[in-house]
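*Asks:* Have a look at this one.
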Amino acid sequence: MKRVIAATVGVGIAVVGIVLTHGDSQELVAAQAAQAAACERVMALSLPNTTITGAELVAAGGFTPPGGGRPPSAAQMRVYADLPAFCRVSATLTPSDDSDIKVEVWLPAEGWNGKYQAVGNGAFTGSIRHGNMAAAVALGYASSSTDTGHVGNTASFGLGHPEKVIDFGYRSIHEMTVVSKAAGAALLLLERLLGRRPAGDEGGAALPGGLRWHHRRRPGPGLDRPRGRLAARGEAPGGRRVDAAPGRRPATGARRGARRL
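So for the sequence shown, our numbering puts the first residue at 943; every next one is plus one.
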């Protein structure tokens, strides 16, 4: 009799465990579906001189770096494998007729610390810095990166293209920041409308802790400025060459001063 009772109790506990697990699974699936829906709807974001080319939820550990360029190191691949789920937004920015600025914005699906950390590029690098963005997202930051408006690692893009020099000098960073703030605010609003954010997050642009993102020409809360462009600061000979108009002395960082985002 005792064995029967014990067996019955054991089966009962197992059934309860299965029911609870099934319930948790359903909640997880529903949460992931809501995250994916909110992320995909960022595609509808409308900003001047901006085309949103992609918005997708990347599952935890599911990011695969694009081909081309230097292969990621083993350490970088481990960072990618450990990444939490995030909303990956891609955009093309055209603030001038000769501009073609590529941008990516990564927004953590869970555990966002309410801060935004943009990542920069070294020298004349014209590529999205996925590894640096992954390191920021792994720490809970929203992050973004830009190719600064050109492809490659030389200054040849600037010859005969003054607007591209401006993009490289400062404008790509500013435009990237505006898009990043807008995408983050839109995602928060969509998540609230879909029931994933408490109603207390007023206005949709509110961040955890009551911080807000404002679309102004200054850093937002928790914004880590990427390193200034070499051409804008006049620190690189190549930068001086492409920045100087014919017959004029190349501008230097001291003469031009720092530009604000």
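All residues carry an ideal CB built from backbone N, CA and C; glycine is no exception.
Pick out whichever of A1097, A986, T1096 and A1016 has its Cα sitting closest to the Cα of V1121.
*Replies:* When only C-alpha atoms are compared, the closest one is A986.
*Asks:* What's the call for T1119, buried or exposed, on a 16-neighbour Cβ count within 10 Å?
*Replies:* The residue is buried, with at least 16 neighbouring Cβ atoms inside 10 Å.
*Asks:* For V946, which residues from the same chain have a beta carbon less than 7 Å from its beta carbon, with the 5 sequence-adjacent residues on both sides left out?
*Replies:* Any reading at V946 needs caution, since the residue's pLDDT is 38, under 50, leaving its predicted position unreliable; the model's value is listed next. If we look at V946 and ignore the five residues flanking it on each side, it has no Cβ neighbours.
*Asks:* Let me know the beta strand (DSSP E) ranges lying completely inside the stretch 1020-1064, each 3 residues or longer, listed in chain order.
*Replies:* Here the runs fully enclosed are 1028-1035, 1043-1050 and 1058-1060.
*Asks:* Roughly how far, in whole angstroms, is the beta-carbon of Y1022 from the beta-carbon of P1007, given that I think they are within contact range, below 8 Å?
*Replies:* That belief holds up - the Cβ atoms of Y1022 and P1007 are roughly 7 Å apart, short of 8 Å.
*Asks:* Report the partner residues of E998 according to the DSSP bridge assignment.
*Replies:* For E998, which the question treats as bridged, DSSP gives the partners R1030.
*Asks:* Where does T993 fall in DSSP's three states?
*Replies:* Reduced to three states, the DSSP call for T993 is strand.
*Asks:* With a threshold of 8 Å on Cβ separation, who are the neighbours of V961 within its own chain once the five nearest residues in sequence on each side are excluded?
*Replies:* Here V961 scores only 37 on pLDDT, less than 50, and its place in the model should not be relied on; the value that follows carries that caveat. The answer is none, since no qualifying residue turns up.
*Asks:* Give me the Cα-Cα distance between G1068 and A980, rounded to the nearest whole angstrom.
*Replies:* Those two C-alpha atoms are separated by around 30 Å.
*Asks:* Compare the beta carbon distance of A997 and V1031 with 9 Å and say whether it is the shorter of the two.
*Replies:* Cβ atoms of A997 and V1031: closer than 9 Å.
*Asks:* Assuming T1090 and N1055 make a contact with CB atoms under 8 Å, what is their CB distance in whole Å?
*Replies:* Between N1055 and T1090 the Cβ distance is about 27 Å, and since that is not below 8 Å, they are no contact.
*Asks:* For T993, count the other beta carbons within 10 Å of its own beta carbon; 16 or more makes it buried, fewer makes it exposed. Which is it?
*Replies:* Its Cβ having fewer than 16 others within 10 Å, T993 is exposed.
*Asks:* Roughly how many angstroms separate the alpha carbons of L1035 and I1115, rounded to a whole number?
*Replies:* Those two C-alpha atoms are separated by around 11 Å.
*Asks:* Within this structure, are the beta carbons of Q968 and A1051 separated by less than 9 Å?
*Replies:* Their beta carbons are not under 9 Å apart, which means Q968 does not touch A1051 by this criterion.
*Asks:* Which two residues bound the contiguous alpha helix (DSSP H) that contains A1077?
*Replies:* That run of the alpha helix (DSSP H) goes H1072 to A1080.
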